[in-house]
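Chains as they are written, first to last, in this note's numbering: chain A, 51 to 438; chain B, 111 to 367.
Built from N, CA and C at the ideal position, the CB exists for glycine as well.
Below: the structure, in structure tokens.
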Amino acid sequence: MMSLDSRPTTSPQQTAEVTSAAVDETSFLLTLRGEWLLESERPRVADLLTELDSIAGCERIAFDTTKLGAWDSGLVTYLVEIEREARERDIAVDHTGLPDGARRLVELAFAVPERQGARREERRQGLMSRIGNSTLEAVRAAQDWVRFVGELTLSFGRLLRGKATYERSDFFATVQEVSVEALGIVSLVGFLVGVILSFIGAVQFESFGAGIYTANLVGLGIVRELGPIMAGIIMAGRTGASFAAHIGTMKVNEEIDALQTLGIDPIDYLVMPRALALMLMMPLITLYADLMGIIGGTVVSVAILDITPVLFVEQLREAIGIGDVLGGLFMASVFGVLVALAGCQRGIECGTSAQAVGEATTSAVVTSIVAIVASCSVLNFIYTALDI
Amino acid sequence: MRSLQTHITIRDLTLAYGDFVVQSDLDFTIDRGDVFIIMGGSGCGKSSLLKVLMGLKSPTRGDVLFNGQSFWQDPEADRQAMLRKFGVLFQNGALWSSKTLAENVALPLRVYTELPPAEVRDVCSLKLALVGLAGFEDYYPSEISGGMRKRAALARAIALDPEILFFDEPSAGLDPITSRRLDDLILELRDSLGATIVIVTHELASIFAVGNNSVFLDPVTKTMLATGPPQELRDHSSNFAVRDFLQRGTATQENNV
Ligand SMILES: Nc1ncnc2c1ncn2[C@@H]1O[C@H](COP(=O)(O)OP(=O)(O)O)[C@@H](O)[C@H]1O
Ligand SMILES: [Mg+2]
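Next comes the structure, spelled out in structure tokens:
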């Protein structure tokens with residue numbers, strides 16, 4: 051395998067040559083010799099131009115190709131460039147000396163004049179305009195979000211009034227996708243996080259004879275923070291990404307346009323059932339992740355500390371209040387909404403190419419994770435202030 | 111039989127993507143029962159114009175009137191009501207890929223009618239049979255050929271017996287026989303449904319076979335060059351570009367009148 055960008059250039063076997071001679075004051079004869087192939091070493095047009103420009107009053111260029119060997123696009127690109135430069139300088143190019151095929155290809159290349167304004171200039175931007183543009187871009191992204199949240203609120207209103215068009219089956223399919231089908235990974239990650247947490251706790255607390263407090267660390271840590279965060283991040287990677295890819299592909303395929311021409315609001319139809327399913331299921335998944343984490347923590351603590359399972363569970367029960375559990379579950383619900391919104395929003399705003407779908411998916415996951423961590427901090431702040 | 115009655119009026123329409131004007135100053139009318147062709151070279155804005163007509167893209171200026179009623183100036187609710195009377199065939203079919211053909215045809219019926227599921231199913235089978243896809247109810251769009259997808263999309267477009275059918279390049283990517291059959295089907299539907307049909311296409315064979323009125327959009331001047339029956343434009347248009355297009359680039363300058 052090799053990269054297309056860095057292939058070693060094989061040393062050319064053939065060479066192509068051009069010599070120029072002035073026929074009279076105003077015309078110029080180019081004699082082409084050798085093999086004019088893409089892989090040959092070919093003269094550059096620029097060299098010829100400097101020569102041309104040094105002669106004042108050149109009005110006509112002709113070709114002599116009697117000694118020309120094999121040729122391909124290597125010759126044609128050269129000729130086209132000469133033609134273009136010649137036109138700019140008001141020099142006539144006489145094609146009669148060229149091989150028939152090459153002459154026709156050059157004429158074909160100029161048959162359709164370039165559409166005015168079609169070429170996209172790649173403008174180099176100064177630092178200031180780059181800063182300006184990225185600021186505008188950020189403002190636009192923020193506006194998109196605000197608009198999306200607004201539309202979602204309206205859509206929720208329609209749902210409550212029974213005016214929204216959606217498929218109940220979408221709701222249940224999402225419920226299944228985020229629950230039953232995710233149980234495996236949630237179990238594994240939940241259990242292992244419990245194990246890791248209790249390892250750290252057990253070793254530290256044991257060193258000053260308070261090993262039993264591992265239960266507090268594991269219990270509170272998982273129920274209040276890590277359970278919801280784990281579940282949220284798993285959902286961001288699994289479900290949020292799948293929402294973005296699914297809706298994004300529908301966009302590329304004009305399927306969303308097809309919905310709109312039926313008068314169906316894509317937010318009602320696609321986003322609402324998914325967001326609701328995730329919002330309702332996240333607390334359940336989190337409860338399950340909590341349980342797995344606590345089992346993992348218990349197993350390790352009992353194994354490496356000198357305590358019985360009963361004692362450990364007693365300590366857990368004392369450490370975890372109902373407020374901790376409910377706080378964690380509420381947090382999970384918030385994460386569920388954020389993941390669904392990020393996934394669906396990226397899908398709906400997706401461009402219309404395969405690459406855009408890829409970008410939408412990536413950006414859905416990144417946005418979800420950032421939103422999860424940020425909202426977790428905010429919620430913790432509120433919980434502390436409210437003394438929950 | 112056809113009463114010459116204006117169905118769709120395009121009034122002083124300009125369409126743009128941001129600052130990029132695609133077409134401007136479009137002014138023409140489409141009569142009831144017309145098979146109206148929107149033609150012009152690739153990239154001249156045919157699909158964009160169709161998007162404005164069917165409510166997917168708002169115009170920069172101007173308006174579209176259906177039965178004399180404004181589409182873009184009226185409140186959202188009226189627009190929704192008008193949408194119900196449209197049937198749309200997208201350039202790539204745009205069937206919902208996670209639904210079977212029957213479910214695709216069923217969705218419009220489920221949105222706009224209160225039919226019980228068994229009856230919806232019957233109507234879907236009928237519509238699929240009309241386009242020659244009887245027996246394919248439970249296939250997914252990815253399991254059938256391109257021509258069949260176009261026809262399935264047509265079945266979905268006629269699910270609600272629309273007053274106006276919009277087609278974006280119905281015969282693109284189809285072999286000549288299949289595309290000929292699609293043309294026949296379009297005419298058949300016009301006669302049986304009594305619908306007005308608006309077709310974007312640049313297939314000359316189709317244009318002359320089905321179209322009885324047309325508009326020609328030009329990518330260079332970014333406006334319409336002519337409107338009228340395609341045969342007439344081909345033979346007598348005062349505009350060379352229009353004649354040249356309709357004569358496959360063989361028009362001669364001298365019969366320029
Ligand atoms: N979503 C879009 N954003 C920006 N420009 C677009 C978009 N869609 C189409 N265009 C541009 O508008 C012009 C007309 O496109 P379109 O209506 O698809 O042409 P046609 O259907 O006649 O081939 C093209 O130049 C195209 O580049
Ligand atoms: Mg198009």
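C-alpha of GLU217/A to C-alpha of MET322/A: approximately 10 angstroms in a straight line. At a cut-off of 8 angstroms between C-beta atoms, ALA161/A does not count as an interface residue with respect to chain B. The stretch 355 to 364 of chain A makes contact with the stretch 255 to 265 of chain A, as at least three CB pairs between them are under 8 angstroms.
Residue pairing by DSSP places SER180/B opposite LEU175/B in a beta bridge. For ASN266/A, the three-state secondary structure derived from DSSP is helix. ILE398/A is outside the set of residues whose beta carbon lies under 8 angstroms from a beta carbon in chain B.
Rounded to whole angstroms, the Cβ separation of ILE283/A and ILE422/A is 6 angstroms, and the two are in contact under 8 angstroms.
ALA404/A is classed as exposed because its beta carbon has fewer than 16 other beta carbons within 10 Å across all chains shown. The residue among LYS332/B, ASN323/B, SER235/B, HIS312/B with its C-alpha nearest the C-alpha of ASP354/B is HIS312/B.
When the alpha-carbon of GLU131/A is set against those of PRO149/A, ILE105/A, ARG154/A, LEU99/A, the nearest one is in LEU99/A.
For the beta strand (DSSP E) assignment, the uninterrupted runs of no fewer than 3 residues enclosed by the stretch 125 to 204 of chain B are, from N- to C-terminal side, 130 to 141, 145 to 149, 171 to 176, 196 to 199. Using a CB distance cut-off of 8 angstroms, LEU391/A does not count as an interface residue toward chain B. Taking 9 angstroms as the cut-off between beta carbons, the residues of the stretch 300 to 332 of chain A near chain B are MET300, ASN303, GLU304, GLU305, ILE306, ASP307, ALA308, LEU309, GLN310, THR311, LEU312, GLY313, ILE314, in sequence order. Sixteen is the threshold: when 16 or more other Cβ atoms of the shown chains lie within 10 Å of the Cβ of GLU227/A, as they do, the residue is buried. In this structure, the straight-line span from the alpha carbon of GLY373/A to that of THR215/A is close to 37 angstroms. Within chain A, no C-beta atom comes less than 7 angstroms from the C-beta of ALA228/B; the nearest is roughly 18 angstroms away.
The nearest non-hydrogen atom of ligand 2 is less than 7 angstroms from the C-beta of GLN201/B. Under a 10 Å Cβ-count criterion, TYR127/B is classified as exposed, with fewer than 16 other Cβ atoms of the shown protein chains found around its own Cβ. Between the alpha carbons of ARG190/A and GLN395/A lies a gap of roughly 14 angstroms. Counting only Cβ-Cβ distances below 7 angstroms, THR264/A has no contacts in chain B at all, with the closest Cβ about 48 angstroms away.
Leaving aside the five residues that flank GLY378/A on each side, the residues in its chain whose CB is nearer than 8 angstroms to its CB run, in chain order, VAL273, ARG274, GLU275, GLY277, PRO278, THR336, ASP340. Within the stretch 272 to 350 of chain B, complete alpha helix (DSSP H) segments of at least 4 residues are found at 286 to 303, 314 to 320, 340 to 346, given in chain order. Within the same chain, and ignoring the five residues on either side of LEU219/B in sequence, the residues whose Cβ sits closer than 8 angstroms to its Cβ are LEU225, VAL230, VAL233, CYS234, ALA269, LEU270. Around the beta carbon of PHE130/B, fewer than 16 other beta carbons sit within 10 angstroms, so the residue counts as exposed.
The three-state secondary structure of THR336/A, taken from DSSP, is helix. For ASP328/B, the distance from the CB to the nearest heavy atom of ligand 2 is not below 7 angstroms. Rounded to the nearest whole angstrom, the C-alpha separation of GLY143/B and GLY321/B is 11 angstroms.
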